[in-house]
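Read through the structure below, which is laid out as structure tokens, and then see the notes.
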Amino acid sequence: MTSLLRHQAYEEERLQRVAEKLPCRETQAGTLLSLMGQPQQYSYPSIFIYGHRASGKSHVMQVLLKELELPHATVSCVECVSVALLFEQLLLSFFGCDAASLLPRSPSLSDFVRIYRQQCSQSPAKQTRYIVMEKAELLRDTDANLLPALLRLQELVEDNVTIILLSEIVWDKFRPNTGCFEPLLLHFPDYSKGELQQILSQDKHPSYSAEFYSSYINILLGVFYSVCRDLRELRHLAALNFSKFCEPLADGKVKETDTHKLWRNIEPHLKKAMQTVYLREVSSLQWEQMQQTEEKETGTVRGLSAHTHVELPYYSKFLLIAAYLASYNPARTDKRFFLKHHGKIRKTNFLKKNEKTSNHLLGPKPFPLDRLLAIFYSVVDNRVAPTASIFSQISSLVTLQLLTQVSHDDQLDAPKYKCAVSMDFMCAISRTVSFDIVKYLYDFL
Amino acid sequence: MSTSSVSKGCFVFKPSAKKKKTPSLEDYFLHGCDAAEHRETRFKLCQELWDQIKADTEVLQDELNRKILDSLLDFTRKCSFTRQHSDWAAQMRASEIPTAALVLGVNVPDHDMTFQSLSDLLQQSVSPHVASVQAKECGALKHLMKRVLERLMGTAVTVDDDEEEEEAEHANTPLHKSVHCSLSTLCDWYNAKTKKSSSDTPGKKRSSPVREDPQQPPVVIIFKDLEAFNPRVLQDFILICSRYIQRLPLMFIFGIATSPSTIQRILPHSVSSLLCIELFQSLSCTQHLATVIDKLILTPHFPFKLNGKVMQVLVSIFLYHDFSVRNFIKGVQLALLEHFHSQPLSVLCCKKKEALLNVMQLSQSDLERIRQLPSFERYVEKQEPQEQLNLSTDDTHLKVVCQKLVKELRKYHKNYYPILRCLHTLTTSLPRYPLGKQIRELHITCLEKNVWEYEEYQSAMKLLKMLAKDELIALLQRCVEILQPVKSKKMKNAWVQLEELLAKLKQLDTVVAEAPPCVEESLTSPVKNLGKKTDLFQLQKTLLEMNETRRAKKLSPFEVLRNEALEFIDGLVKTHLATPESQTLNEVCYYSSSATVRRHLNATPRTSIQAALNSPYYYLQNNSLITEDGSVSNAAPDICVVYKLHLECGRLINLYDWLEAYSTVVSAAEGNNPDSDSFGKVDEVKHARFIRAVSELEFLGFIKSTKQKTDHVARLTWGGC
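The following block contains the structure:
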């Protein structure tokens, strides 16, 4: 196993420690080590590592850099709200806070390069400096020159520095139009089921044997592997459900080795966990409480998505109904639905659908404010004065995200909206005001 | 103002702060008050009443929120507690950020108050580090970050004094540049803070017993309106926070207006898996309103009352438009102000002692006003001729009578509300709620007309007469409970009587067993007659008779008692639930101008624009603009003329024709000779005026340019003329 991690620059013992901390990632770690070369040598300017969530990218980098005591800076791109923050963090971790304070108020890239060079002439790198950037995909949203410049930072600052980008998406999605220096690509594949088993089994409960825990992980993976391969999530779920698994053991009903009985006990429980706590319908805290209380009472805790009922003022309900009708009915059919004497439009003629697909499959369509109000006035059973509060209700529906404004905020003239609620929600709302919405929908005619 | 500048241009004059004297609330009130006398008294009374109402509602609000806030506080404590103890499971678990999803309902204006008390409570009992943010101030992640840091570190610096001052200070002296605006700064600050406080003053900390762990109080961030937040910003923020959760005990509170499923809509699984979300549901706003009405309106404590129409307007604004209790209270405030402002006799609308004093200080003109009150006129008509003369001439006598009447009005209110509650208790148990489900509905009915004149009341009474014994006893028991605490002679009497009835009803069980059925023999006689041969008419008659006798005879002791009880209740209703309008001097306490309230609270901008265009004299107060037939005079402002002309057109308006018509009308207004050549000719000035008027109409949204036809504009409104 350790044969993969062999490098003349580092002591055997240290590499051994690294290898222990990186189960199932020896190949990748070995490749990285050989890429990095000896500490004082120049390394390749930029390395791009990609792989799914929780496939060990950051972990491998952390362990390697920490254990081998290499100078490095780790930055998460999501945290760097501005480039200034990014530059500051880099300078801070390489040269201390004096250097960081040299940055002007809103620094440009060249400011950073200037200060870096200035500092590095005072304290040149004896070993390769590494910059690890997590969630590098966010770099695409920053200034166009930032990513290409970072990729060849080594040339720009004339220092022994290597940049390592970590991302969940492939390099092809990064490549800027103008072209750039191509980094070395390194892929971290997903853990296989066996590997997951091996890794998860490592963190065993102190009061139980390793085999027992391993068999628990086996059962857990059997249930969850088909829906979730995220190591982090799996570990979380394992921790949440382990006490339940141990329950018959504590009662003295079953022995540690009797895996079949244990499986029978835990399996329905895990299935339930998959529907609730894994989807965050029920919080982990509540889940733990549910386990402590008796099985029968658990029905009382309802998931987040179970609460869909929304109480609305009377006219808001009708505004929402009008918006729904305007979104899902073609405008030309309004005459048919909302005019008392709509002339001789024959139903068969009328029903000739030029497009076969139902409007509900196509999703809501935008409509102007005038149409919304026209439908609203014909839908509400009593006369409503066009008061200011009717209009303010429209905007409050927008803030509640029940309607969405399609046109730009600045457009005061004839704003356009879309209805953003589902059919079920709408039916529930219209039932409370005893309005038969299905009768007014073109799709259900 | 003038400048010494020679050049032409715009000059900005900033008002000098010293010179400007802002008129106080009192000045506003006093200015334009109808009657000069007692203005100050009225203002003082109004102010006092409002202060009392405000204080009461705040207490009420706190009480209502207490339950949910308590559970929320429990949650925060539990979270900060579980964070500290470290067993195997705690280590293994992904460290989630504890999050409380607080579902508050769609009445967004009310939320501010709730959040205010929530953050106050949190600061008192859980953690000094509380920051609340709103969506509109956090458009980007940068801003959100900045707000959070500002509020946390700002409030922490100054624990005792107010926040605003601190913020202003921040704006002036940039203590920390925006460059440092990251969570790691916050972490450092937090560490320094907790270390300092734990080493500095351990004695002080121990004095507050609620705080279990002074070393690690959580950092609470409240998102007031989750729906309005940009999902992207929120996701990023949560991602960042989750990186620091080990070093910084963060905690979120989401304020949700619609339903908890919005969380799942806004946050993808990868983000929501970082949160440990627990749900908290607040009281529904209709219940909230019910308690507010119960405590504010249905009580004799406040001398100020709303009449039925005003109540109706306020309640319908609540139900139809906004669901906002705060706006409802604002409406009450408006009515209060208007009442004291416009009704000179409102000096009498106060506590009993004061009112009696104020009666004696009424001026000549005030007394005259009293004599003109419709309710007082009605009262006078009922009196003896001599008394009538006295009342209309003798001022001191009138004052004495007024004192009596004020006392009577007070008594009326004291009795009205308990009886109203009794009636409501009785009728809400009936099927289909003949008199309304909510007490406010019954109250409004009572305010409008004598309640016993309604058909619904009769049917409710009929239904009540069909109640079973145990139901009736339970209802009467509740009525007794309502009447018991009332301190009024009549109510005490009523209470005693009702108690007696109730006792009789309860004893019935024992009595019934002894009383033998003695109705049998009388019932048999008509049946015997039936055996004889009779014609149809006879038969019908006998059957009817039989029916009558059966109904009359069949009354069991319970039914007798039941009828007695209900008649007693009916009597109470008839004596005490008469409409306030029938009471003398009710104008003093009751505010009745529902139109004013509606106009102020539920404005109709479009209607007023149309009214202004149709009848400019109404707004310009210029009599020369009035015309007999209601049409617009020639001399009206250009836009009115143009508007009037456009009403005569169809969907598309030819601009040239319009201009011609306009110029004819305006020429007539200028008094040009209709036969002269220049009459109706378009000159440059008229052209310019026309263009301006048309563009004003376009701005107001009556027309818009169209590409369908050249030189035409499209009309956007219909009807109106």
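Just so you know, the protein sequences line up as chains A and B, in that order. In case it helps, this note's numbering puts the first sequence at residues 2 to 446. In case it helps, this note's numbering puts the second sequence at residues 420 to 1140. Ideal Cβ positions, reconstructed from N, Cα and C, are used throughout, including at glycine. Computed from a prediction, not measured in an experiment: that's the story for all the values here.
query	result
Whole-angstrom C-beta distance between Leu16 (chain A) and Leu65 (chain A), which should lie under 8 Å	Leu65 (chain A) to Leu16 (chain A), Cβ: 10 Å. No contact.
Chain A contact for Lys960 (chain B) (CB, 8 Å cutoff)	no
Ser601 (chain B) beta carbon near the ligand ADP (any heavy atom closer than 7 Å)	No copy of the ligand ADP appears in this structure; indeed no ligand is present at all.
Within 8 Å, strictly: CB atoms of Ser703 (chain B) and Ile487 (chain B)	no
Which of helix, strand or coil DSSP assigns to Ile675 (chain B)	strand
Closer than 9 Å at the beta carbon, the chain B residues around Arg153 (chain A)	By Cβ distance, chain B contributes nothing, its closest Cβ being about 25 Å from Arg153 (chain A), past 9 Å.
With 16 other Cβ atoms within 10 Å as the buried cut-off, status of Asp814 (chain B)	exposed
8 Å Cβ cutoff, Ala647 (chain B) in contact with chain A	yes
Chain A contact for Glu515 (chain B) (CB, 8 Å cutoff)	yes
Candidates B:Thr613, B:Leu658, B:His832, B:Lys463, of which the one nearest His995 (chain B) by Cα	B:His832
Under 8 Å by beta carbon: chain A residues contacting Glu697 (chain B)	Ser284, Leu286, Gln287
Residue(s) in a DSSP beta bridge with Tyr418 (chain A)	A:Phe368, A:Gln406
Asn1 (chain A) versus Lys1105 (chain B): straight-line alpha-carbon distance, rounded	The structure shown does not extend to residue 1 (chain A), since chain A spans only 2 to 446, so no value can be given for it.
Own chain partners of Val1113 (chain B) with C-beta closer than 8 Å, once the 5 adjacent residues on each side are dropped	Val1061, Leu1074, Trp1077, Ile1122, Val1132
CB contact flag (Leu250 (chain A), Leu238 (chain A), <8 Å)	no
Top-ranked residue by Cα proximity to Gln276 (chain A), from A:Trp264, A:Leu263, A:Leu305, A:Arg265	A:Leu305
Three CB pairs or more closer than 8 Å across the segment 42-57 of chain A and the segment 67-74 of chain A	no
Boundaries of the alpha helix (DSSP H) in which Phe1118 (chain B) is found, first to last residue	1103-1119
Segment limits, alpha helix (DSSP H) that includes Pro517 (chain B)	Careful: Pro517 (chain B) lies outside any alpha helix (DSSP H), inside the beta strand (DSSP E) at 516-522.
Residue-chain proximity (Ile682 (chain B), chain A), Cβ-Cβ < 8 Å	yes
Beta-carbon neighbours of Arg230 (chain A), restricted to chain B and to distances below 7 Å	Simply none; closest approach about 13 Å.
Counted within 10 angstroms of its Cβ, other Cβ atoms place Ser227 (chain A) as buried (16 or more) or exposed	exposed
C-alpha distance - Arg118 (chain A) paired with Leu36 (chain A), whole-angstrom precision	25 Å
Residues bridged to Leu167 (chain A) [DSSP beta-bridge criterion]	A:Ile50
Interface residues of chain B facing Leu446 (chain A) [CB-CB closer than 8 Å]	The premise fails here: Leu446 (chain A) is roughly 28 Å from chain B at the closest Cβ pair, so nothing lies under 8 Å.
Euclidean distance between Cα positions of Lys67 (chain A) and Tyr217 (chain A)	32 Å
Nonlocal neighbours in the same chain, by C-beta distance under 6 Å from Ser1124 (chain B), ignoring five residues either side	Val1132
Integer Cβ distance of Cys695 (chain B) from Ser285 (chain A), believed to fall under 8 Å	5 Å
Pair within 8 Å by beta-carbon distance, Leu756 (chain B) and Cys465 (chain B)	yes
Arg7 (chain A) versus Gly31 (chain A) - alpha carbon distance	8 Å
Proximal residues to Asp475 (chain B) (C-beta, below 8 Å), its chain only, five neighbours per side dropped	Lys714, Leu715
C-beta atoms of Pro367 (chain A) and Lys417 (chain A) nearer than 8 Å	yes
Those residues which DSSP pairs with Glu467 (chain B) across a bridge	For Glu467 (chain B), which the question treats as bridged, DSSP gives no partner whatsoever.
Residue-chain proximity (Arg54 (chain A), chain B), Cβ-Cβ < 8 Å	yes
Partners in chain A for Tyr739 (chain B), counting only beta-carbon separations shorter than 7 Å	Pro314, Tyr315, Tyr316
Residue from B:Cys1008, B:Leu917, B:Leu571, B:Arg897 with nearest C-alpha to Thr844 (chain B)	B:Arg897
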